[in-house]
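Presented below is the structure to which this report refers.
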Amino acid sequence: MLLERFVFLTLDGLARGTAYAAFALALVLIWRAARVVNFAQGAMAVACVYVAHSVTAATGSYWAGFGAAVASGLVLGAAVDFCVMRLAAGTASHLNSVIIALGLVLIIQAVLGIAYGNEYLPTPAPFDRTAITVGEFVLLSPFDLFVIGTVAAAVAALAWLFGRTPVGLRMRAGAFAPEVSRLLGVNVGGMLTLGWALAAGLGAIAGMLVVPTELALHPHAMDLVFVASFTAAVIGGLDSPPGVVVGGLAVGLTLSYVSGYLGGDLSPLATLLLLLAVLLVRPEGLITRAKVRRV
Amino acid sequence: MNMLLRTSPLRRVLLTALAALLVLIASQVLDPFRNFQFATIAAYLCATAGLTVLTGLNGQLSLGHGALMASGAYSVALIQDAFGGRRLAAGWILVVTLLGALAVGVAAGAVIGLAAARLQGPHLAGLTLGVAVIVPSLATTFDALFGGEQGLPVQAAQPPLALGATFPYERWQVWLAWTITLPTILLLTNLVHSRLGRDMRAVRDHEVAASLSGIDVARTRVVTFTVSAGCAALGGALLAVLTQVASPGSYPLTLSVFLLMAVVIGGLDSLTGAIWGALLLVALPDLAQSVTGLFSFPPGEAQRWEGNLPTAAFGLMLITVMAVAPTGVSGLQRRVVRAAADRWRARRPNPGAETP
Amino acid sequence: MSAAPLLTVRDLVAGYGNAAPVLRSVSFDVEPGSITAVVGANGAGKTTLMRALSGLIRPAAGELRFDDVDLREVPVERRVRHGLAHVPQGHGVVAELTVDENLRLGGLWRRDRADARRAVAEVYEMFEPLALRRRHAGHQLSGGERQMLALGRALVGRPRLLLLDEPSLGLAPKAVAQTMALLRRLRDESAVAVLLAEQSLRGALSVADRGIVMSQGQLVFTAPAKDLRDNPHLRQLYLGF
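As given, the protein sequences belong to chains E, S and Y, one line each in that order.
Quick note on numbering: the first sequence equals residues 21 to 315 in the numbering used here.
Quick note on numbering: the second sequence equals residues 816 to 1171 in the numbering used here.
Quick note on numbering: the third sequence equals residues 1447 to 1687 in the numbering used here.
Shown next as C-alpha cells:
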C-alpha cells in the first residue's frame, strides 16, 4: 500500500512537473533573450486559455480551441514586446520592466474580468483524467500522458529551432551579443519580438495543460502556477533550459508528495517555502552551467 | 511640500502639526462616508510610505506588502481575541493590539529582509510575489485559526466617552487613523534624512561604492525591509480596525500590486509620492464607480465593470507613467514647483544663501 | 587611384549622448582595394569613427557615402549587405556560440546560401586552427584564435570594406605580423579595402597604403603611409617615435 501510494504520487508529480517545466521554460526563454522576468506570463497564459474557451464554445472542438490558444499566445507575446516592453528597454532597469509587466497583469486580468466575469468557468480536459491502473498500481491518466507528450514535443521543437535552424542561431546570437549580431545583419529587435512570441506561445500551451488540473478557469488561475514555475526557473538558474526542466520536475514532485502525505491544503505554503529555501541556499540556481566569459 | 520637508526637523514637526490641523478641519467638513474613506487613506498611507522607503529610497522591490498588511490585520484580530473580546474602548487595548501588529510586521519583515538582502532584482520580486500569492491562501489552509474565507471579526474602536455620546463615529475613525499615521510619517521623514536614509540611497545607487565607503549593505537592506514591513503591518492593522474585519479577500495579490503601483504612480523618490498613492488607492475605485454609473449596463455587467475598471485603469496609468514620467506625480509636481521657484528667484536680484 | 572612392566621409560629427562630440568634423576617402591606417593615441576617436561608419552610433552631422549609397539612410543591420564589415574592438566573437556557429552567423544574411557555405570552407582553409576547433565555444579560444574567427566571420560576408578596430590588441608580435600579411593578401587577391584603426603604428603603417593621423577627435594629417614611415620628421611630429 505504501509503495503503491508512493508510485502514484511520483507519477502524478512528474506529470504536474512537466507542465510547470514548460511554463518555467517560457520564463527562461524571455530571460535569456531580454534579461527580463516576465511577471505577466501567468496572466497572458490565462488570457489564451480564455480564448480557447470561447473558440471551443463556438466550434465545439477542443482542438480548435487549443490551436487558437497557441496562436493567440504568439500574437500576444509579440504585441507585448512590441507595444509595451520596448518602453522599458531604454532604461535598463530591472525595476522598470517588472513594474511594466505588473501593469500588464492588472490590465489583462481586468479585461478578462470584464469580458468573462470573475466566476470560475469549467474547463474540460480532452482526455480522461482518471488514472489507468495496472494490478495494484495506480499509474497515469490519459490526460497526464497527453500533458507529458505535448510538453516533450514542444521542447523538442524548440530545441530544434534554436539549435539547428538559421533563425535559432540568429535568436541566440542576438540575445548573447546584440551589438555584434547587428553588425552581422541580424535584426536583433525582430528576433527579440519572435522570442517573446515563442515564449508566450509555450506559456499558452502550459496554461492549456495546467488549468484543467487546477480548480477551474479564472483570471487568477495561474497565479500560484506562476510562483511554482518561477521556483522551477530559479532552480535552473533562470538561464539553463535543461536545468529548468529538472527544476520543474523537482517542484512537481515536491508538491505532489506534500499534498499526498501532508494534505493538499499545504501545497501553496510548500511552494513558498521551497522558493524561499532555493533562494536562500543558492540564488544563482542549483543547476547552472559555469558562467560564460563574455567577450 | 517636499522641498519644505527637506529642511530642518523643526520644520517637519511644524508641517506635521499643520497636517494634523488640516485633518481636524476636514473631519468636521466631510460627510460620514467621505470621513470613512479619509480614514482609510491614512491606513493605506502607512503602507505606501513604507513601500516608498523600501522601493524608492533603497531600490528593493516588494510585491508582498499586501500580505504584510494582512499580517497586521490578522494580528489585531488574534490579539483582540486573546484579550477575550474586551471592548476596544479601553484605549490601552487598542494601543497594545497595534503595537502587537507592528511587532508581527517587523518580525515578518526581518525574515523576508534577511532573504532579500542576498537577492537581486527579479529574484526578490519573485519571492515577494510568492508571499503575496500564498499568504492570503493560508487563511483557508489554517481556517481554525484564521477563519477561512470569512476571516476574523475585529471589534470597532469606540470613541471615548469624553467626546460626548453623540460624537460622529466616522469622525472618530479619522482622528484615530491619522493619530497613528501622522507620527509614523514624521518618523519616516526623519529616518529618510538621517544617516540611515543616506545609507539607503547609497546602497540603491551603487552597492559596490556604498560598501567601499564603509556602509554595511546587507544590514542596511535588512533594516529598511524591516521598517517598511512594520509600516505595512501597522497600515493593515489600522485598516482592520476601520473595517472591523480581517479577511483574505481584503488582501489579495492585487492589493500588493496596487500598493506598488500607487507608489510608482505617486512617485518613487519621495514620501510625498506615498500620499498621492494612498489617495489614488481610495479614490480610483470610487471614480470608476461613478464612471460606470454614467453608462446603463445590465446589472450583472455593471458589477463586472465596476469591479475591474479600477484595476484596468491602474494598469494603464502605470504603464503610461513608466513611459512618460518615471518620477510619477510627485516628480511632475516637484518639477512644476521648481520651475515656479526658479522664475520667482530669477525676478529677485539676490537669491540669498541658497544651497542646492 | 583616380577611380571614385569607395567610402567618402565629409565633416563627420559624432559622439555619445548629450556630451560634447568625440569626432569633430572628420573628412577623408577610402579608395577601393586599398588599406588605410587610422592611427592616433588612445582617446583620439578611432573607435568612435569606426562605430559611426558601421552605424552603431548615429552621427550628429556630416555625410557618409559608401559606393553611391547614402549610409545615413541604411540601418546598421543592412549595412553588411552593402559590403561593409565591422570587426569591433576585442573582436566580438560570440563567446556562447561555437566556432562553426560564429562563422555561419557571418553569412546568414546572404541569399546565396551555397556561396556562404563556400566562404565558410575557405575560412577554415585559411585558418587551420579554427578548422580543428569547429565545435568549441568561442570562450574556449585563445586570443589569436578569436581574432582569426572574427576576421574569418567578416570575410564570410565577402565584404568590400573591412573596418578593423585594433585587431592587434593583446596579440603576440608574430600574430600581428600574420594578420598584417593577411590583410595585404586580401587587398591584392580579392580587392578588399581595409580601414584599420591601430595604436600599434609600425605594424599598421607597414601594410597600409595611406595613413590618417587622428588627435582629439580631429584628423590632423593624412599622407601616403610610405611618407609617414620613411620621413623621420613627420613621424616625430605626428606620431612621436
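All C-beta atoms in this analysis are idealised placements derived from N, C-alpha and C, irrespective of residue type, glycine included.
Predicted, not measured: the structure shown is a model, and the values here were computed from it.
Using beta-carbon distances, GLU1644 of chain Y does not count as an interface residue toward chain E, since no partner is under 9 Å.
When 7 Å is used as the limit between beta carbons, ASN1123 of chain S is near these residues of chain E: ALA130, GLY133 and ILE134, in chain order. Along the segment 1548 to 1582 of chain Y, going in chain order, the ones with a CB nearer than 7 Å to a CB of chain E are ARG1550, LEU1551, GLY1552, LEU1554 and TRP1555.
Among the residues of chain Y, those whose CB is under 8 Å from the CB of PHE196 of chain E are VAL1540, ALA1541, GLU1542 and LEU1543, following chain order.
Contact annotation: in the segment 42 to 62 of chain E, residues whose CB is within less than 9 Å of a CB in chain S are TRP51, ARG55, VAL56, VAL57 and PHE59. Taking all protein chains shown into account, HIS1679 of chain Y has fewer than 16 neighbouring C-beta atoms within 10 Å of its C-beta and is therefore exposed.
With its beta carbon less than 9 Å from one in chain S, PHE246 of chain E belongs to the interface. Looking at the backbone, the Cα of SER1652 of chain Y and that of VAL1484 of chain Y are separated by about 13 Å. Under DSSP, PRO1670 of chain Y shares a beta bridge with Y:ARG1656. Taking 7 Å as the cut-off between beta carbons, the residues of the segment 177 to 207 of chain E near chain Y are PRO186, LEU189, ARG190, ARG192, ALA193, PHE196, ALA197, GLU199, VAL200, ARG202, LEU203, LEU204, GLY205, VAL206 and ASN207, in sequence order. Rounded to the nearest whole angstrom, the CA to CA distance from GLU1574 of chain Y to ALA72 of chain E is 55 Å. Collapsing the DSSP output to three states places GLN1535 of chain Y in coil. When Cβ-Cβ separations below 9 Å define contact, HIS938 of chain S makes contact with chain E. With its beta carbon less than 9 Å from one in chain S, HIS240 of chain E belongs to the interface. In the DSSP assignment, the residues bridged to GLU1509 of chain Y are Y:ARG1456. Residues of the segment 995 to 1007 of chain S that bring their beta carbon within less than 7 Å of a beta carbon in chain E are absent altogether. Residue pairing from DSSP places VAL1484 of chain Y in a beta bridge opposite Y:ALA1643 and Y:ILE1658. Proximity of chain E to ARG1606 of chain Y at the Cβ level (cut-off 9 Å) is not reached, the minimal Cβ distance being about 15 Å.
Short of 8 Å from the beta carbon of PHE848 of chain S, and not among the five residues preceding or following it, lie these beta carbons of its own chain, in chain order: GLU985. Interface flag for LEU960 of chain S against chain E is unset, since no Cβ pair is found closer than 9 Å. Nearest CB-CB separation between LEU96 of chain E and chain S: not below the 9 Å threshold.
With contacts defined by Cβ atoms closer than 9 Å, ARG1550 of chain Y and GLY205 of chain E do not form a contacting pair. For SER201 of chain E, the three-state secondary structure derived from DSSP is helix. When rounded, the separation of the alpha-carbon atoms in ILE50 of chain E and VAL1640 of chain Y is 38 Å. The alpha-carbon of PRO142 of chain E is positioned some 39 Å away from that of GLY924 of chain S. Flagged as an interface residue toward chain E: GLY874 of chain S, by a C-beta distance shorter than 9 Å.
Beta-carbon to beta-carbon, GLY1088 of chain S and THR867 of chain S are separated by about 6 Å, close enough to satisfy the 8 Å threshold. Minimum Cα-Cα distance from LEU1629 of chain Y among the listed residues Y:THR1668, Y:GLN1645 and Y:ARG1606 corresponds to Y:ARG1606. Around the beta-carbon of LEU839 of chain S, fewer than 16 other beta-carbon atoms lie within 10 Å, marking it exposed. From the listed residues S:THR870, S:ALA1052, S:PHE1110 and S:ALA931, the smallest Cα separation to ALA972 of chain S is found for S:ALA1052.
With a 10 Å radius around the Cβ and a threshold of 16 neighbouring Cβ atoms, CYS861 of chain S comes out buried. Assigned with DSSP and collapsed to three states, LEU282 of chain E falls in helix. Neighbours of PHE250 of chain E across chain S, judged by C-beta separation under 8 Å: GLY941, LEU944 and GLY945. For ALA135 of chain E and ASN1123 of chain S, the gap between their C-alpha atoms comes out near 10 Å. Think of a sphere of 7 Å around the beta carbon of LEU1502 of chain Y: the chain E residues whose beta carbon falls inside it are GLU199, in chain order. Neighbourhood of ARG1511 of chain Y in chain E, by CB distance below 8 Å: empty, with the nearest CB roughly 20 Å away.
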